[in-house]
Amino acid sequence: MRKIKVLVVDDSLVFREVLARGISTDPYIEVVAKAVDPFDARDKILEYSPDVMTCDIEMPKMNGIEFIKRLLPQYPLPVVVVSSVSMAVFEAMKAGAVDFVTKPNVQSVQDVHGFIHELIQKIKVAANAKVSRLSTQSKTDMVEEGASMEGSLIAIGASTGGTEAVFRILKDLPTQMPGIVIAQHIPPVFSRMFADRLNNSTQMRVKEAETGDYVDQGSVLIAPGGQHLRLKKFGNRYRAECFEGEKVNGHCPSIDVLFESVAKEVGKGAIGVILTGMGYDGSKGLLSMRRRGARTLGQDELTSVVYGMPKVAFEIGAVEKQVSLDTMAQALVSILGNRD
Numbered sequence: 047m048r049k050i051k052v053l054v055v056d057d058s059l060v061f062r063e064v065l066a067r068g069i070s071t072d073p074y075i076e077v078v079a080k081a082v083d084p085f086d087a088r089d090k091i092l093e094y095s096p097d098v099m100t101c102d103i104e105m106p107k108m109n110g111i112e113f114i115k116r117l118l119p120q121y122p123l124p125v126v127v128v129s130s131v132s133m134a135v136f137e138a139m140k141a142g143a144v145d146f147v148t149k150p151n152v153q154s155v156q157d158v159h160g161f162i163h164e165l166i167q168k169i170k171v172a173a174n175a176k177v178s179r180l181s182t183q184s185k186t187d188m189v190e191e192g193a194s195m196e197g198s199l200i201a202i203g204a205s206t207g208g209t210e211a212v213f214r215i216l217k218d219l220p221t222q223m224p225g226i227v228i229a230q231h232i233p234p235v236f237s238r239m240f241a242d243r244l245n246n247s248t249q250m251r252v253k254e255a256e257t258g259d260y261v262d263q264g265s266v267l268i269a270p271g272g273q274h275l276r277l278k279k280f281g282n283r284y285r286a287e288c289f290e291g292e293k294v295n296g297h298c299p300s301i302d303v304l305f306e307s308v309a310k311e312v313g314k315g316a317i318g319v320i321l322t323g324m325g326y327d328g329s330k331g332l333l334s335m336r337r338r339g340a341r342t343l344g345q346d347e348l349t350s351v352v353y354g355m356p357k358v359a360f361e362i363g364a365v366e367k368q369v370s371l372d373t374m375a376q377a378l379v380s381i382l383g384n385r386d
């Protein structure tokens, strides 16, 4: 296996060295260069042709978000953002970054060790990610008058590249959609920020899920980072249960945990959607949903940042139809409009 060539961009000398030395311990990663700001990074990209770039957001001369916006149209390079806890990471994802990692407390050996391990894994995923700036789609038509919402529920699972994919789907959906539940692989704290961003930038009512929340029409619940989310039926409504537990398929929240509960509690009244991401989380749960009569969609290879989870789900027969990200909202509307 060829080593992944990485460019490290950070204005802090100390952190730049910690990061570079840490990821270099992996035998499949080679730090080919380090840069102190975006202008230095641009020159290093031309000189070393890295496979992946790690990039801070707060930097002198030009911030990381602006740098990514200017860089990707000319050099489609996978970028993993390394940043402090901030809503800015979602702007970086919108600009085209593949993923993000939270900066650790450099005084804590345990924090740094965990950070390096996570970053190494995300660099390896990013090396195989598709970097593209997809065209935006105009807002979809409203749900057909008289389309039945009773008993309907939409469950969505996503990982790498998913924060932007979920945003693009929700912003194109009308407010009278059935309730939506989402398991996105995301760290604690960021899940609430993600929910707040979606709530402020789409027509849907979006919040981080809490035990006791009901999934009502026009509302969206996001699984909290570090907790699993499952649904329970109470009368004609569905209630969220959030709980800490062991990782499932390497993740907490796990998409399979959510999908399995939807298969059991909602059955044929549900629609399942598996989006971009590495690995296989969600595939078995989506298959359970389909076997219980739910309609199921998977993001296609062309528009997936990482065609891992949708591919596995499609190969095991869990996906009824593959759909591009640009048309996913319309596909959901069509299913609802054509239900008996």
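In terms of my numbering, the sequence shown opens at residue 47 and continues consecutively.
Where is the CB? At the ideal position from N, CA and C, for every residue including glycine.
Cα-Cα, which of the options is closest to residue i?
| i | options | result |
| --- | --- | --- |
| P220 | Q249, E210, G208, P233 | Q249 |
| E347 | G331, M108, P119, A359 | A359 |
| P270 | G264, D259, E137, K278 | D259 |
| V144 | D86, Q376, G323 | G323 |
| K314 | D327, S329, R336, K330 | R336 |
| I91 | G328, Q230, K51, V294 | K51 |
| L123 | F289, A87, T349 | A87 |
| P299 | L267, G110, A375 | L267 |
| M281 | A134, V212, V261 | Just to set this straight, residue 281 is Gly in the shown sequence, not Met. Out of A134, V212, V261, V261 has the C-alpha closest to the C-alpha of G281. |
| V135 | E63, I226, V235, S198 | V235 |
| G110 | D57, A66, S334, E76 | D57 |
| L321 | F289, A375, G264, R238 | A375 |
| V308 | V351, I226, I362, T257 | I226 |
| S198 | F85, F213, E104, G264 | G264 |
| A286 | V212, P84, H274 | H274 |
| E93 | G339, V78, M105 | V78 |
So, at 6 Å on beta carbons, what are the nonlocal neighbours of residue i in its own chain, with the 5 sequence-adjacent residues on each side left out?
| i | result |
| --- | --- |
| P150 | D157, V158, F161 |
| D72 | I166 |
| T100 | V54, V126, V128 |
| A241 | V252, K253, E254, I268 |
| G68 | I162 |
| L65 | V54 |
| Y326 | V358 |
| G344 | I320, P356, A359, F360, V365, Q368 |
| A175 | P124, V144, V351, V352 |
| Y378 | As written in the sequence, residue 378 is Leu, which differs from the Tyr given in the question. Within the same chain, L378 has no close Cβ partners at all. |
| R243 | F136 |
| A81 | V55, A87, K90 |
In the DSSP assignment, what are the bridge partners of residue i?
| i | result |
| --- | --- |
| K80 | V54 |
| H297 | V294 |
| H274 | F289 |
| A201 | V227, G318 |
| Y284 | K279 |
| D145 | V126 |
| S334 | For S334, which the question treats as bridged, DSSP gives no partner whatsoever. |
| G323 | Y353 |
| R48 | None; R48 has no bridge partner. |
| K367 | L343 |
| L267 | V227, K253 |
| V212 | Beta-bridge pairing links V212 to no other residue. |
| Y260 | R285 |
Please classify residue i as buried or exposed, where buried requires at least 16 neighbouring CB atoms within 10 angstroms.
| i | result |
| --- | --- |
| S154 | exposed |
| L59 | exposed |
| K293 | exposed |
| E191 | Legend: pLDDT at E191 = 44, less than 50; position of this residue unreliable, value from coordinates given subsequently. E191 comes out exposed. |
| G203 | buried |
| S130 | exposed |
| Q222 | exposed |
| S95 | exposed |
| T206 | buried |
| D218 | buried |
| G142 | buried |
| Q230 | buried |
| G208 | buried |
| P224 | buried |
| M133 | exposed |
| G354 | buried |
| F113 | buried |
Within its chain, find whatever has a CB closer than 7 Å to the CB of residue i; leave out the 5 residues flanking it on each side and keep chain order.
| i | result |
| --- | --- |
| E210 | M139, K140 |
| I381 | I317, R341 |
| E311 | L277, K278, K279, Y284 |
| D102 | V55, D56, D57, G110, V128, S129 |
| F305 | A201, G203, G318, G328, G331, L332, S334, M335 |
| L371 | L180, A211, R214, Q345, T349 |
| N295 | D302, G325, Y326, D327 |
| G339 | G313, K314 |
| K107 | D83, P84, F85 |
| G291 | H274, C298 |
| Y121 | I91 |
| T257 | A286, E287, C288 |
Residue i and residue j look like a contact to me (Cβ under 8 Å); what is the Cβ gap, rounded to whole Å?
| i | j | result |
| --- | --- | --- |
| I301 | G328 | 3 Å |
| P233 | T148 | 6 Å |
| L117 | V177 | So it is not a contact: roughly 10 Å between Cβ atoms. |
Can you find the residues in the same chain that come closer than 8 Å, C-beta to C-beta, to residue i, ignoring five residues on each side of it along the sequence?
| i | result |
| --- | --- |
| M47 | Y74 |
| A173 | I50, D97, V98, P124 |
| E164 | V147 |
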